[in-house]
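Working notes, beginning with the structure itself.
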Amino acid sequence: MFEQMMLSAWSSGLRNKLSLPLRVELWDGRQLEFSSELPGGAAPGVATPRVTIRVPDRSALRYLRSPSLYSLGRAYVEGAIDIKGRAADIISVGNTLAANLAGSSNRFADALRLGFPRAPHTREKDAEAIRYHYDVSNDFYSAWLDPGMVYSCAYFENGMEDLATAQQKKIDHILRKIDVRPGQTLLDIGCGWGALVLRAAQQFGARCVGVTLSENQAALARERIARAGLQDQVEIRLQDYRDVKGQFDRITSVGMFEHVGVQHLKAYFLQVDKLLAPGGVVMNHGITTTNADNSATPYGGGDFIDEYVFPDGELAHLATVVQAMQEGGLEVRDVENLRRHYAKTCALWTDNFENNAEHIRTLTDEKRFRIWHLYLAGCAYAFAHDRISLYQIVCGKAGGDAEAIPWSRNYMYP
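All you need for my numbering is the position in the sequence shown, starting with 1, plus 33.
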């Protein structure tokens with residue numbers, strides 16, 4: 034009786050505050066409807082809402098009484114509850130529930146404020162984290178990425194491009210920004226499956242080195258280079274950026290520095306500066322938080338990603354990144370915000386993932402499927418709502434002659 038009263042009070046309170054395209058199915062067959070505008074104008078209980086949460090037993094009710102993105106996501110991934118619907122709708126409903134029924138506490142962010150440091154970013158731990166995220170299988174990623182296997186923000190010049198076109202435009206946009214010339218040496222830190230170094234060698238005539246900590250990525254990148262006949266022009270190394278030697282005319286880092294750790298950004302950029310030849314140009318393309326104090330995103334979304342998606346990943350605010358670059362010996366020359374582009378990229382990845390769900394389920398286990406089902410759509414939502422952002426930052430060595438800086442940005446655009 035007490036449980037029934039609590040459940041009735043909770044559902045009535047939620048209905049009074051919100052109208053959601055949500056149905057909650059309880060273990061005893063009861064259904065709670067929270068939408069006053071179900072599809073087709075049907076009455077509650079007749080039409081199927083866009084999101085259905087199934088609560089298999091009484092103990093799972095706690096995830097709904099005070100929901101956060103972390104607790105709801107964890108319950109879904111671990112099988113404590115089941116959720117049906119398109120990922121974009123699930124994320125939208127989850128954010129609304131969290132914003133109205135839970136606080137904005139982040140467990141890991143709170144721990145940092147209380148003085149509990151994150152684990153150090155050693156070579157061993159970073160390699161382990163990269164393997165966890167990237168070495169699922171190349172077939173898994175190819176099921177929802179573009180044919181070029183580019184796993185970073187695309188560039189939609191006019192907003193109408195398909196994903197493959199936008200990804201190639203992104204790579205060309207980067208290579209034009211660093212003004213790479215035939216015969217120059219290019220280092221790509223975190224080279225993924227090799228799309229950028231392949232393009233730089235084939236279309237721009239550069240001599241390239243790509244480094245990654247993912248064995249799966251390195252193996253496929255080498256295969257692609259061999260098929261293109263570029264073994265004498267492109268080298269792929271399974272190597273930590275801290276162990277790279279020599280100097281390069283151009284350096285790119287695309288979607289990698291999020292793994293470095295906020296406290297290690299200065300050391301990271303010091304290494305980049307050390308590897309950059311005099312007169313060289315470097316471009317860092319990476320995700321940032323929009324919180325000036327470098328704290329996590331609200332309602333536990335960042336906690337979910339830290340635990341299930343990117344172990345030991347950390348996002349810094351743009352101001353922190355620029356300061357670390359300057360402290361690392363680099364001069365910032367150009368900054369471009371591509372947040373809108375990444376929101377669309379993640380939305381297209383989400384569509385690909387869901388449209389190929391049956392096949393993807395054969396490539397991994399149900400837990401990882403659910404993790405990525407939420408993660409891709411969650412990122413699209415976070416970029417769209419200014420919780421995280423994406424910046425391309427072009428730098429040269431600090432203290433150089435002003436003659437090395439272009440008069441305008443015209444050279445970036447064909």
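For every residue, glycine included, the Cβ atom is placed at its ideal position computed from N, Cα and C.
- The stretch 221–241 and the stretch 257–267 touch, with no fewer than 3 CB-CB distances between them shorter than 8 Å.
- Rounded to the nearest whole angstrom, the C-alpha separation of T155 and L246 is 13 Å.
- By the beta-carbon neighbour count (other beta carbons within 10 angstroms, threshold 16), A435 is exposed.
- Beyond the five residues adjoining it in sequence on each side, L348 comes within less than 7 Å, by CB distance, of E291, I320, T321, T322 and I421 in the same chain, given in chain order.
- Within the DSSP bridge table, the entry for M193 names no partner.
- Residue environment analysis places G181 among the buried positions, since at least 16 neighbouring C-beta atoms fall within 10 angstroms of its C-beta.
- Excluding its 5 nearest sequence neighbours in each direction, K210 has C-beta neighbours in its own chain below 6 Å: M316, V427 and M445, listed in chain order.
- Below 8 Å, too few C-beta pairs join the stretch 356–369 and the stretch 397–408 to call them touching: fewer than three.
- Residue range N171 to S175 is occupied by the alpha helix (DSSP H) that includes N171.
- Setting aside the 5 residues that flank it on each side, H318 is surrounded in the same chain by V287 and Q425, each with a C-beta closer than 6 Å to its C-beta; the list follows chain order.
- In this chain, the alpha helix (DSSP H) harbouring N128 covers A120 to L134.
- About 23 Å separates the beta carbons of L309 and L371, which is beyond the 8 Å limit, so they are not a contact pair.
- Rounded to whole angstroms, the separation of the alpha carbons of R275 and E161 is 16 Å.
- Separation of E190 and A413 (C-alpha to C-alpha, rounded to the nearest whole angstrom) is 18 Å.
- Where A228 is concerned, there is no enclosing beta strand (DSSP E), although the alpha helix (DSSP H) around it starts and stops at A228 to F237.
- Of the residues Q235, L219, Q296 and G238, the one whose Cα lies closest to the Cα of V277 is L219.
- Judged by beta-carbon spacing, G243 lies beyond the 8 Å limit of A252, meaning their Cβ atoms are not closer than that value.
- The beta carbon of D122 is closer than 8 Å to those of P54, R83 and V84 in its chain, skipping five residues each way along the sequence.
- Assigned with DSSP and collapsed to three states, M289 falls in coil, not helix or strand.
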